[in-house]
Amino acid sequence: MRANFIFSEVWIGLRRNLTMTIAVIVTVAVGMALLGVGLMINSQVSSMTGYWTDKVELSVYLCKKGSPFEACRDKSAISQEQKVALEGTIREMPEVESVVFEDAAKAYENFTTSDSNRTLAAIVKVEDMPESFRVKLRDPDTAAAVTERIEGQAGVSNIINERDLLDNYFGFMGKLQYMALGVAFLMVCAATLLIGNTVRLSAYNRRRETGIMRLVGASNVYIQLPFVLEGVIAGLIGGVFAAVLLIITKIMIFEGIQVYMPSPLGWDTVAAVITGTMAVGVLICILASFITLRRYLRV
Amino acid sequence: MIHFDNVTKVYANQNRPALDHVSVDVDKGEFVFLVGPSGSGKSTFLRLVLKEERPNSGAIHVAGKDLARLSNFKVPHLRRRIGCVFQDFRLLPNKNVYENVAFALEVIGKPRRFIRKVVPEVIELVGLEGKAHRMPDELSGGEQQRVAMARAFVNRPMILLADEPTGNIDPATSIGIMKVLDRINRTGTTVLMATHDAAIVDSMRKRVVELEDGKIVRDQSRGVYGQAY
Numbered sequence: 378m379r380a381n382f383i384f385s386e387v388w389i390g391l392r393r394n395l396t397m398t399i400a401v402i403v404t405v406a407v408g409m410a411l412l413g414v415g416l417m418i419n420s421q422v423s424s425m426t427g428y429w430t431d432k433v434e435l436s437v438y439l440c441k442k443g444s445p446f447e448a449c450r451d452k453s454a455i456s457q458e459q460k461v462a463l464e465g466t467i468r469e470m471p472e473v474e475s476v477v478f479e480d481a482a483k484a485y486e487n488f489t490t491s492d493s494n495r496t497l498a499a500i501v502k503v504e505d506m507p508e509s510f511r512v513k514l515r516d517p518d519t520a521a522a523v524t525e526r527i528e529g530q531a532g533v534s535n536i537i538n539e540r541d542l543l544d545n546y547f548g549f550m551g552k553l554q555y556m557a558l559g560v561a562f563l564m565v566c567a568a569t570l571l572i573g574n575t576v577r578l579s580a581y582n583r584r585r586e587t588g589i590m591r592l593v594g595a596s597n598v599y600i601q602l603p604f605v606l607e608g609v610i611a612g613l614i615g616g617v618f619a620a621v622l623l624i625i626t627k628i629m630i631f632e633g634i635q636v637y638m639p640s641p642l643g644w645d646t647v648a649a650v651i652t653g654t655m656a657v658g659v660l661i662c663i664l665a666s667f668i669t670l671r672r673y674l675r676v
Numbered sequence: 005m006i007h008f009d010n011v012t013k014v015y016a017n018q019n020r021p022a023l024d025h026v027s028v029d030v031d032k033g034e035f036v037f038l039v040g041p042s043g044s045g046k047s048t049f050l051r052l053v054l055k056e057e058r059p060n061s062g063a064i065h066v067a068g069k070d071l072a073r074l075s076n077f078k079v080p081h082l083r084r085r086i087g088c089v090f091q092d093f094r095l096l097p098n099k100n101v102y103e104n105v106a107f108a109l110e111v112i113g114k115p116r117r118f119i120r121k122v123v124p125e126v127i128e129l130v131g132l133e134g135k136a137h138r139m140p141d142e143l144s145g146g147e148q149q150r151v152a153m154a155r156a157f158v159n160r161p162m163i164l165l166a167d168e169p170t171g172n173i174d175p176a177t178s179i180g181i182m183k184v185l186d187r188i189n190r191t192g193t194t195v196l197m198a199t200h201d202a203a204i205v206d207s208m209r210k211r212v213v214e215l216e217d218g219k220i221v222r223d224q225s226r227g228v229y230g231q232a233y
């Protein structure tokens, strides 16, 4: 193997096909960046799902005077005895891990310190806040059964499964992720075709050289390697650009919304995503080059 | 060295065979002219020797190898033992004489020290000493064909195939080309030359194999081009 000979061939090929090379680099960069963003969202969603699954609770709101909910209308507020009885009932259920009582003052405090309620916080008074039991389940999937049994009890206003609230949010993240992955898939297809085309042009430009190489008995590796390397180098440069784009995305977007997220996306995840997308990019380049060469550079 | 046994080659989409039950034996060190009109199968014969084409039936042995049983992976090694010269020279226009000849060795991975030693020797053998740094477009047709022959011979092949090497060259210059081929033949290399050039065949008095419509119609040692049956 004469490495400098092969690399001079690669350099000639890349220079002669400069516009196509640039097109490949840009396509690979954008495609891999989108693939990377999709993977980053995926990892963010799964880490948050894990975080929330541990914390998810049923909120059992209790009747109070003037409550507008169906179950409490025209009834007086829940009495102290009813409260004790209800807490006992809930505590005895085998699915329940723990029960915490949240009174109006505590609810008010949680409400006003939460970031999302600033406007309302100004006009809400302690008396407006409902009392509730915060029920933590051993297995979040039993929520429906538990809800059904608590609902009929005296003094219960309504029950909210916090997971239902989160589902909206996860649904949005999921859509975003599928969109990024879908566009990434299209870009990867475009990149594959472009690389194939570039290699084909390159092979056509150098058909005289490859013809002579064939004739004097150069091995397939010697003939094909320069073309494959051209694709790989273009893919690698595209991958580097994709890595830069991903780092920018992490700093500008993920760090920006992290304020609202309990489990931030770590740099280790970003590094893994970059490694993965680079590997995918180079692999695509190698595959596209080989498939094209099989058709246009018969040995 | 080259052994064709009942070889038939039919190209796809053609009903007439390019070679029709051809059997030929060429021994080591022989000089053989392959003559016949255009389309008689001369080029197909040469392509079969290189395993650029596969026969439909019959067996071909080249340099002791059965081509039917030679895997694609080993075809390059076969071609390293066969040199090729063509009517259109096939030089690389952006490389000078030395680089054109050296290219054949570079691409089969020969070390640079070896290349530096043998390339000037071969350039001298074909009579181009002092012109190693000329570009192909600075050379006459005859000189370009000499470069092509140097490239074909630089790896000391056992067989040299020449497909109408004098086809683009005037008769006076052709004599010089034939002298180089004869010189190569004298080193022990088997030479197989396809040609239309009657004057050259007549003057060389070597073995002549004549093809017509894919069949061998004459195989004569010390033959001439014309109808001297």
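Chains as they are written, first to last, in my numbering: chain A, 378 to 676; chain B, 5 to 233.
Glycine included, every Cβ here is placed at the ideal spot set by N, Cα and C.
DSSP, reduced to helix, strand and coil, places Arg150 of chain B within a helical segment of the structure shown. Relative to Val158 of chain B, the option among B:Gly45, B:Ala136, B:Ile119 and B:Pro97 whose CA is nearest is B:Ile119.
If only complete runs of 3 or more residues are kept, the segment 510 to 592 of chain A shows the beta strand (DSSP E) at 533 to 538, in order along the chain.
Cβ proximity to chain B below 9 Å picks out Leu592, Val593, Gly594, Ala595, Ser596, Asn597, Tyr599 and Ile600 from the segment 592 to 605 of chain A. If you draw a straight line from the Cα of Arg84 of chain B to the Cα of Ile204 of chain B, it comes to about 28 Å. In this structure, Ala557 of chain A lies away from Gly408 of chain A, with their beta-carbon atoms at least 8 Å apart. Annotation: Glu147 of chain B to Val111 of chain B spans about 23 Å, alpha carbon to alpha carbon. For a Cβ distance threshold of 9 Å, residue set Leu96, Phe107 and Val111 of chain B lies close to Glu586 of chain A, ordered along the chain.
Linking Tyr581 of chain A to Ile389 of chain A through their CA atoms gives a straight-line distance of about 13 Å.
Note on geometry: alpha-carbon atoms of Ala498 of chain A and Asn487 of chain A lie some 10 Å from one another. Within the segment 35 to 65 of chain B, the complete alpha helix (DSSP H) segments at least 4 residues long are 46 to 53, listed from N- to C-terminus. Here DSSP, grouped into helix, strand and coil, assigns His200 of chain B to coil. Interface with chain A (8 Å Cβ-Cβ cutoff): Asn17 of chain B is excluded. Taking a beta-carbon distance threshold of 8 Å, Ile402 of chain A does not count as an interface residue toward chain B.
For His81 of chain B, the residues of chain A that pass the 9 Å Cβ criterion are Gly594 and Ser596, in the order they occur in the chain. The segment 565 to 584 of chain A makes no contact with the segment 429 to 444 of chain A, as fewer than three CB pairs between them are under 8 Å. Within chain A, the residues whose beta carbon sits less than 8 Å from that of Arg84 of chain B are Val593 and Gly594, listed in sequence order.
When 9 Å is used as the limit between beta carbons, Asn159 of chain B is near these residues of chain A: Val593 and Gly594, in chain order. Classified as exposed, Gly643 of chain A has fewer than 16 neighbouring CB atoms from the shown chains inside 10 Å of its CB. In this structure, the beta-carbon distance from Val476 of chain A to Val512 of chain A falls below 8 Å. Each residue's CA atom was taken as its position, placing Val123 of chain B and Leu132 of chain B some 11 Å apart. Its Cα nearest to that of Leu23 of chain B, the residue B:Thr48 stands out among B:Asp206, B:Thr48, B:Leu38 and B:Gly33. A check of alpha carbon separations from Leu542 of chain A across A:Leu412, A:Glu528 and A:Val433 identifies A:Val433 as the nearest. Sequence-distant Cβ neighbours of Gly529 of chain A in its own chain, meaning closer than 7 Å and more than five residues away, do not exist here. Rounded to whole angstroms, Pro175 of chain B and Lys46 of chain B show a C-alpha spacing of 21 Å. A direct Cα-Cα distance of roughly 48 Å separates Ser75 of chain B from Met417 of chain A. When Cβ pairs closer than 8 Å are counted between the two stretches, the segment 642 to 658 of chain A is seen to touch the segment 610 to 621 of chain A, the count reaching three or more. Contact annotation: the segment 98 to 113 of chain B does not touch the segment 198 to 214 of chain B, with fewer than three C-beta pairs closer than 8 Å.
In terms of beta-carbon proximity, Phe667 of chain A stays away from the interface with chain B, with every pair separated by 8 Å or more. The beta carbons of Val26 of chain B and Val39 of chain B sit about 14 Å from each other, so the pair does not count as a contact at 8 Å. Contact of Phe382 of chain A with chain B by beta-carbon distance below 7 Å involves Glu110.
Across the set B:Leu129, B:Met208, B:Ile64 and B:Val221, the C-alpha of B:Leu129 shows the shortest separation from the C-alpha of Thr191 of chain B.
Look at the segment 94 to 180 of chain B and you find these whole runs of beta strand (DSSP E), each 3 residues long or longer: 163 to 167. Assignment of Arg392 of chain A by DSSP, reduced to helix, strand and coil, places it in the helix class. In this structure, DSSP gives Leu642 of chain A a state outside helix and strand, which the three-state scheme calls coil. Contact between the segment 594 to 613 of chain A and the segment 621 to 630 of chain A is absent: fewer than 3 CB-CB pairs across the two stretches fall below 8 Å.
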